[in-house]
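K.L.:
Please read through the structure below; I'll follow up with questions.
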Amino acid sequence: MTGQLLNKRQGLVAWLTLVAISLMPLSAIAQTQIKLHSNKYSTADDVKLGRQAAQEAEQQFPILRDQQVQNYVERVGQRLVDAIPSQFQHPEFQYYFKVVNARDINAFALPGGPMYVNRGMIEAAKTEGEMAGVMAHEISHVALRHGTAQATKGQKYGLLAGIAGIAGTILSGSSQVGQLAQAPFAVYLLKFSREYETEADVLGAQIMARAGYDPRDLAHMFQTIERQGGGSSGGFLSSHPSPNDRYARINREAGLLRVEGTQRDSREFTATQQRLRGYGRAPSMQEIAQSGQRYPAGENTGNYPANAPSGRVEYPSARYQNVSIFNGGVQVNVPNNWRQINDGNSVWFVPEGGYGQANGQRVFTHGASFGVGQTNNRNLQRATEELINGLAQGNNSLRMNGGYQRTTLAGRTALLSTLSNVNEATGRQENVRVITTQLNNGQLFYMVAVAPQGERNFETAFNNIFRSVRIND
Ligand SMILES: [Zn+2]
8 MTGQLLNKRQ GLVAWLTLVA ISLMPLSAIA QTQIKLHSNK YSTADDVKLG RQAAQEAEQQ
68 FPILRDQQVQ NYVERVGQRL VDAIPSQFQH PEFQYYFKVV NARDINAFAL PGGPMYVNRG
128 MIEAAKTEGE MAGVMAHEIS HVALRHGTAQ ATKGQKYGLL AGIAGIAGTI LSGSSQVGQL
188 AQAPFAVYLL KFSREYETEA DVLGAQIMAR AGYDPRDLAH MFQTIERQGG GSSGGFLSSH
248 PSPNDRYARI NREAGLLRVE GTQRDSREFT ATQQRLRGYG RAPSMQEIAQ SGQRYPAGEN
308 TGNYPANAPS GRVEYPSARY QNVSIFNGGV QVNVPNNWRQ INDGNSVWFV PEGGYGQANG
368 QRVFTHGASF GVGQTNNRNL QRATEELING LAQGNNSLRM NGGYQRTTLA GRTALLSTLS
428 NVNEATGRQE NVRVITTQLN NGQLFYMVAV APQGERNFET AFNNIFRSVR IND
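Numbering follows the numbering used here, in which position 395 of the sequence shown is assigned residue number 402; successive positions increment by one, without gaps.
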């Protein structure tokens with residue numbers, strides 16, 4: 008937009024306006040002006056409430072431990088934060104961005120700046136601009152202080168009580184205040200009014216333009232979400248007003264804005280998506296809620312090495328399913344929340360989050376695998392040594408603890424070897440148990456069980472699995 012909008016017939020007033028506005032950045036000429044709502048809280052209150060809610064959020068949601076992805080999302084987020092118009096910049100606010108290992112297309116921000124972007128949202132977005140659009144919308148809720156503004160209004164009508172209400176600034180499937188008590192994510196259930204949502208769309212579009220993104224990408228994201236069915240299942244659209252109205256409103260605003268520079272690094276965005284898809288299926292918010300698992304804060308906040316597998320790992324289910332592997336040659340019971348992954352010659356059973364990639368290789372942090380090794384060694388211990396030497400080649404830190412222990416596997420003589428290792432992806436100490444026995448044809452059958460040290464419920468699961476093995480050879 009330039010001053011050409013004004014024509015001569017508008018006379019002196021127009022001319023004076025032109026002089027005045029020509030001193031402003033061009034993009035500010037015609038855009039919608041947004042005002043802060045009355046708010047009885049201080050910006051320091053926003054920060055404090057947001058911090059408390061963030062602590063709660065990080066115990067309820069699995070944060071993805073992938074430094075490379077986190078860094079990328081943080082960079083995009085900071086670029087948007089830098090583009091917040093000065094009247095909405097609150098120096099006390101500290102924006103930061105974390106990725107939640109959940110598949111729903113969603114994101115939420117808390118007062119004062121903490122923001123959580125679902126992995127599903129990043130995977131669904133077609134472009135970096137679409138992802139940035141959702142983030143700019145959420146940043147706008149924070150910058151406009153919608154959480155505490157809504158609480159200011161709410162308390163006047165006696166609708167809200169305490170921090171839960173104030174912090175509940177989020178996108179979610181449910182908007183009934185009455186449901187707050189039973190809801191798994193009580194803190195996050197409050198919905199913004201349509202007016203606030205429109206403001207966040209408009210300011211979001213303005214922030215995008217100032218950051219060099221095409222504001223229409225926010226509108227495009229609604230289409231992307233709708234196409235992927237995100238409107239129905241507790242996702243971004245279900246908690247927001249009609250996507251058609253918003254689409255039109257954002258595009259109208261986009262027509263008033265000039266995009267400053269261009270920020271389209273599609274390579275980094277694509278690489279991030281590929282990385283995320285490598286983790287396999289993320290749990291849904293509902294599954295996270297139903298698992299009832301809490302994520303102790305200490306575990307979420309550390310520095311994880313690059314390439315670490317995804318955040319939280321589900322505990323092994325107490326229910327098992329019988330699985331047949333190696334063309335029916337082996338039957339085994341595994342927790343019914345584990346999935347099968349065929350990795351070269353071995354078959355792995357792993358919980359969600361229990362595997363990932365490091366240095367281009369698949370890395371397992373939790374799970375059990377089975378395999379059959381060719382060997383000329385008829386001596387079980389020698390054959391087992393061969394196998395462990397082979398394992399050590401891919402795992403430099405693998406160390407044997409003590410000797411071989413005699414045991415029984417599927418009714419036949421077996422050896423248990425207990426080893427320790429440092430996981431390539433997480434850098435954590437892990438226990439590795441190798442159980443070997445011989446098949447009738449002389450081949451070595453083995454089970455390898457891996458879990459970080461001290462994870463007792465995995466020990467129990469491994470024992471159950473081990474005891475259930477049946478071999479038909
Ligand atoms: Zn919103």
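We treat Cβ as the ideally placed atom computed from N, Cα and C, and that holds for glycine.
Taking DSSP's pairing of strands, which residues face phenylalanine 377 in a bridge?
P.N.:
Val354 and Met454
K.L.:
Give the single residue among Asp221, Gly127, Phe199 and Arg234 whose Cα lies nearest to the Cα of arginine 265.
P.N.:
Taking only the C-alpha atoms, the option nearest arginine 265 is Asp221.
K.L.:
Less than 8 Å between the beta carbons of leucine 423 and glutamine 412, yes or no?
P.N.:
yes
K.L.:
Counting C-beta neighbours from all protein chains within 10 Å, is the total for leucine 178 16 or more, i.e. buried, or is it exposed?
P.N.:
In this prediction, leucine 178 scores a pLDDT of 31, lower than 50, which makes its location untrustworthy; the coordinate-derived value is nonetheless stated afterwards. Buried, since its Cβ has 16 or more Cβ neighbours within 10 Å.
K.L.:
Does the beta-carbon of phenylalanine 199, which I'm using as the reference point, lie nearer than 7 Å to any heavy atom of ligand 1?
P.N.:
yes
K.L.:
Is glutamate 233 close to ligand 1? I mean its beta-carbon at under 7 Å from any heavy atom of the ligand.
P.N.:
no
K.L.:
Rounded to the nearest angstrom, what separates methionine 8 and alanine 226 at their Cα positions?
P.N.:
Legend: pLDDT at methionine 8 = 22, less than 50; position of this residue unreliable, value from coordinates given subsequently. In a straight line, the C-alpha of methionine 8 is about 20 Å away from that of alanine 226.
K.L.:
Determine the direct distance from the alpha carbon of threonine 231 to that of threonine 391, and round the result to whole angstroms.
P.N.:
53 Å
K.L.:
Please classify proline 316 as buried or exposed, where buried requires at least 16 neighbouring CB atoms within 10 angstroms.
P.N.:
Confidence is the limiting factor: at proline 316 the pLDDT is only 46, short of 50, which leaves the residue's position unreliable and the question unanswerable from this model.
K.L.:
Taking its Cβ as the centre, do 16 or more other Cβ atoms sit within 10 Å of alanine 255, making it buried, or is it exposed?
P.N.:
exposed
K.L.:
Could you pull out every residue in the same chain whose Cβ sits closer than 7 Å to the Cβ of asparagine 46, ignoring the five residues on either side in sequence?
P.N.:
Sequence-distant Cβ neighbours of asparagine 46 in its own chain, meaning closer than 7 Å and more than five residues away, are Arg152, Thr155, Ala156 and Thr159.
K.L.:
Rounded to the nearest angstrom, what separates leucine 405 and glutamate 431 at their Cα positions?
P.N.:
11 Å
K.L.:
Short check: CB of leucine 87 to CB of alanine 218, under 8 Å?
P.N.:
yes
K.L.:
Skipping 5 residues on each side, what residues in its chain have a beta carbon closer than 8 Å to that of isoleucine 146?
P.N.:
Leaving aside the five residues that flank isoleucine 146 on each side, the residues in its chain whose CB is nearer than 8 Å to its CB run, in chain order, Gly84, Leu87, Val88, Ile91, Tyr102, Ala116, Met122, Gly211 and Ile214.
K.L.:
Identify whether serine 147 lies in helix, strand or coil by the three-state DSSP scheme.
P.N.:
helix
K.L.:
Put serine 93 into one of helix, strand or coil per three-state DSSP.
P.N.:
helix
K.L.:
Under a Cβ-count criterion, where at least 16 other Cβ atoms within 10 Å of its own Cβ denotes burial, should asparagine 113 be classed as buried or exposed?
P.N.:
buried
K.L.:
Could you round the C-beta distance between threonine 467 and glutamate 260 to whole angstroms and report it? I think they count as a contact, below 8 Å.
P.N.:
Not a contact, Cβ separation roughly 56 Å.
K.L.:
Could you check how far apart the C-beta atoms of glutamate 321 and glycine 360 are, in whole angstroms? I think they sit under 8 Å.
P.N.:
7 Å
K.L.:
So which of Phe68, Phe100, Gln75 and His144 has the shortest CA-CA distance to arginine 110?
P.N.:
Phe68
K.L.:
According to DSSP, is threonine 433 helix, strand or coil?
P.N.:
DSSP places threonine 433 in coil when its eight states are reduced to three.
K.L.:
Report the rounded CA-to-CA distance for valine 441 versus phenylalanine 469, giving the unit in angstroms.
P.N.:
11 Å
K.L.:
Could you give the DSSP three-state label for glutamine 101: helix, strand or coil?
P.N.:
coil
K.L.:
Taking only the alpha-carbon atoms, compute the straight-line gap between glutamine 70 and isoleucine 129 and give it to the nearest angstrom.
P.N.:
The sequence given here places isoleucine at residue 70; glutamine does not occur at that position. Isoleucine 70 and isoleucine 129: Cα-Cα distance of roughly 14 Å.
K.L.:
Thinking C-alpha only, which one of Val54, Asn108, Val80 and Arg201 is nearest glutamine 293?
P.N.:
Asn108
K.L.:
Looking at the structure shown, is arginine 477 part of a helix, part of a strand, or coil, going by DSSP?
P.N.:
strand
K.L.:
Given this structure, state the Cα-to-Cα distance separating asparagine 403 from arginine 126, to the nearest angstrom.
P.N.:
32 Å
K.L.:
What is the DSSP secondary structure of alanine 421, reduced to helix, strand or coil?
P.N.:
DSSP places alanine 421 in strand when its eight states are reduced to three.
K.L.:
Check this for me: beta carbons of phenylalanine 452 and alanine 458, under 8 Å apart or not?
P.N.:
no
K.L.:
Should glutamine 450 and valine 379 be called a contact, given that it needs their Cβ atoms to be closer than 8 Å?
P.N.:
yes
K.L.:
Does the Cβ-Cβ distance between asparagine 479 and glycine 335 come in under 8 Å?
P.N.:
yes
K.L.:
Run the proximity test for glutamate 393: is its beta-carbon closer than 7 Å to any non-hydrogen atom belonging to ligand 1?
P.N.:
Not so, every heavy atom of ligand 1 lies at least 7 Å from the Cβ.
K.L.:
Would you kindly check if the distance between the Cβ of asparagine 343 and the Cβ of glutamine 328 is under 8 Å?
P.N.:
yes
K.L.:
Between Asn386, Leu56 and Val124, which has its C-alpha nearest glutamine 77's C-alpha?
P.N.:
Val124
K.L.:
Closest by CA to glutamine 75, which one among Asn384, Glu275 and Thr372?
P.N.:
Glu275
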